[in-house]
Amino acid sequence: MMVKEQFNIRLEQTTIKNLKQIAKARDKSMADIVQTVLKDYIKMQTVKKEAPEDGIPVIDHETGEIVALVTYNNNLDFWDGSNWTSGSTGRHKGLTQLQNGEYVLILGTDWQGEKDEAILIDKDRAVDEIIKSRNMNLFQEFPDLIPIANGKLIKEKKKQDEDPENE
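Here the numbering used here runs 4 ahead of the position in the sequence shown, where the first position is 1.
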């Protein structure tokens, strides 16, 4: 059954007519061609399992090297009244964290001919991006950024904080 399933999958891409033409051109039997197709299919599946997952390449701008692949997200986008965006039409931002603790800023695009990018950023920049997006819920997803945000931000002076003698 397994061989038949593999053959059926491969036949979705190559018709029997094409296989017969290939067999005739190569002066081989149909069985030889089918066997070759199955071997190629099995090899392709093995390579697929060994290959890295698909994703956006993360670039370390200090070295210029690709250090990881990440899944696209746009969790830094906000609603501007018409679109989900990170500030300009067709531009999106997302934040994620690698297993080693480093943060990645994803720069997404809807524009034809442009590709999404991802760059390593430090924790201060990650905090800035969250605050700019006003998506404070992201601090729950990245709790190690909370102390940095609390230490970085100056609190607003409220009326109850004012000196009563000056009123």
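C-beta atoms are modelled at their ideal positions from N, C-alpha and C, and glycine is treated no differently. Bear in mind the structure is a predicted one, so any value in this text is a computation, not a measurement.
Pair within 8 angstroms by beta-carbon distance, residue i and residue j
{"i": "Y76", "j": "G112", "result": "yes"}
{"i": "A153", "j": "F143", "result": "yes"}
{"i": "G59", "j": "L73", "result": "yes"}
{"i": "L99", "j": "E121", "result": "no"}
{"i": "H96", "j": "N78", "result": "yes"}
{"i": "I125", "j": "Y107", "result": "yes"}
Strand pairing of residue i, partner residues [DSSP]
{"i": "H96", "result": "G112"}
{"i": "L124", "result": "V108"}
{"i": "T89", "result": "F82"}
{"i": "Q101", "result": "Y107"}
The beta strand (DSSP E) enclosing residue i, as first and last residue numbers
{"i": "D64", "result": "I60 to D64"}
{"i": "L142", "result": "Taken as a continuous stretch (DSSP letters only), L142 belongs to no beta strand (DSSP E), being part of the alpha helix (DSSP H) at L142 to E145."}
{"i": "E160", "result": "From DSSP, E160 is part of no beta strand (DSSP E); its letter is neither H nor E."}
{"i": "E69", "result": "E69 to V74"}
CB-CB length for residue i against residue j, believed under 8 angstroms
{"i": "L109", "j": "I123", "result": "5 angstroms"}
{"i": "K127", "j": "L149", "result": "6 angstroms"}
Boundaries of the alpha helix (DSSP H) in which residue i is found, first to last residue
{"i": "I152", "result": "I150 to K156"}
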